[in-house]
Amino acid sequence: MTSPFKGQTGLKRILNASGYSLDGLTAAFKGEAAFRQLVLLNVVLIPLSFVFHVSRGERAILIAVCLLALIVELLNSAIEAAIDRISLDRHPLSKNAKDMGSAAQFVALTMIAVVWGLILLG
Numbered sequence: 011m012t013s014p015f016k017g018q019t020g021l022k023r024i025l026n027a028s029g030y031s032l033d034g035l036t037a038a039f040k041g042e043a044a045f046r047q048l049v050l051l052n053v054v055l056i057p058l059s060f061v062f063h064v065s066r067g068e069r070a071i072l073i074a075v076c077l078l079a080l081i082v083e084l085l086n087s088a089i090e091a092a093i094d095r096i097s098l099d100r101h102p103l104s105k106n107a108k109d110m111g112s113a114a115q116f117v118a119l120t121m122i123a124v125v126w127g128l129i130l131l132g
């Protein structure tokens with residue numbers, strides 16, 4: 011069975027997808043404190059990456075790991091929302107899903123610290 015939301019093609023599909031993406035970013039920013047904190051971290055770190063004397067490749071990596079943490083947070087928030095939509099009851103599988111999303115974000119934040127440390131101190 012095909013979703014009734016599938017069927018747009020070309021420019022119309024791209025415009026719709028862009029709108030949905032903006033809706034998702036807005037929902038994350040309004041509803042997720044962790045996402046707002048990561049946006050603030052990115053607002054600080056990304057411009058800071060242009061202050062340091064590093065190669066263009068290193069700068070790209072510094073920026074990429076920051077943006078990756080935002081992506082991971084969006085996915086983590088989506089997992090949490092889907093689990094909560096299914097049921098607010100405590101269940102071991104729900105806990106595992108939420109904990110794994112949180113662990114993914116922990117790894118992403120650790121990656122920021124490690125990459126920035128290696129590039130700036132190396």
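In this text, residue positions in the sequence shown follow the working numbering: the first is 11, and each later residue adds one. In this text, a Cβ means the ideal position worked out from N, Cα and C, and glycines have one as well. Only a predicted model underlies this, so the values are computations on that prediction, with no experimental measurement involved.
Assigned exposure category for residue i - 16 Cβ within 10 Å defines buried
i    : result
V117 : exposed
F45  : buried
A38  : buried
L98  : exposed
Cα-Cα separation between residue i and residue j, rounded to whole angstroms
i    : j    : result
T19  : N86  : 29 Å
L25  : R95  : 27 Å
I89  : T36  : 17 Å
L21  : G34  : 20 Å
I81  : I71  : 15 Å
F60  : E68  : 11 Å
I56  : S65  : 14 Å
E42  : A91  : 11 Å
N52  : W126 : 13 Å
A107 : R23  : 31 Å
Closest by C-alpha distance to residue i, when choosing among the options
i    : options              : result
I122 : R66, C76, V53        : C76
L130 : S112, L58, A92, L78  : L58
A109 : L50, V125, R23, E83  : The sequence shown places Asp at residue 109, not Ala. When only C-alpha atoms are compared, the closest one is E83.
A114 : V124, I93, L78, W126 : L78
R111 : K40, I93, A74        : The sequence given here places Gly at residue 111; Arg does not occur at that position. Considering only alpha carbons, the answer is I93.
N- and C-terminal bounds of the alpha helix (DSSP H) containing residue i
i    : result
L8   : Since the displayed the chain opens at 11 and closes at 132, residue 8 lies outside it and no answer follows.
G132 : It is not in any alpha helix (DSSP H) - G132 carries neither H nor E in the DSSP assignment.
I98  : Reading the sequence as shown, one finds Leu at residue 98 and not Ile. Taken as a continuous stretch (DSSP letters only), L98 belongs to no alpha helix (DSSP H), as it is neither H nor E.
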